[in-house]
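Okay, structure first, notes after.
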Amino acid sequence: MKKKLSVIAVIILVLAICVSAWFYGYYNHKSNDNLPTLAAIAEMSEADVNSLLPGYHIDQLREVWGKPDTSENGTACWKIGNDTILVVSYKNNGIVAICGLKDDSGTSIGE
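The numbering of the sequence shown is my numbering, which starts it at 1258 and goes up by one.
Now the structure itself:
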């Protein structure tokens, strides 16, 4: 009887570890499901945006947010509302490196 309880406890523990690992991987992976909307990006600080977006692939951003308003030489820009521009710079392999929020005059928001 004691052996059966030990086996059941080990099985439950292994299942709990597997489920926890899956949740951790899902919520910390740079997937389209975890990418916030442009409206949510506009509400964030520049530091928050810059800690969130690097590591995403530029194609993921285009798929979720649509075609950028401007795109050239490793930089894509999306206009958010009337006065905010999200500037995303990416590497040659398409991985986002750095981001910024600017106003219409080109000044960084939060400076």
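Glycine included, C-beta positions come from ideal geometry on N, C-alpha and C.
- Query: Do you know whose CA, among L1270, M1258, L1343, N1349, lies nearest T1327's CA?
  - Reply: L1343
- Query: Touching or not, the region 1334-1343 and the region 1292-1311, by the rule of three or more beta carbon pairs under 8 Å?
  - Reply: yes
- DSSP on S1328, reduced to helix/strand/coil? strand
- Spatial distance of A1297 from L1272 (CA atoms): 35 Å
- Going by beta carbon distance, what residues of the same chain come within less than 8 Å of L1270, once the five residues before and after it are set aside? none
- Query: Would you say I1315 and V1264 are within 8 Å of each other, going by their C-beta atoms?
  - Reply: no
- Task: With distances taken Cα to Cα, identify the nearest neighbour of T1364 among L1318, V1276, E1320, E1303.
- Result: E1303
- Message: Output needed for D1361: all residues of its chain with C-beta closer than 6 Å, excluding positions within five of it in sequence on either side, in chain order.
- Response: D1340
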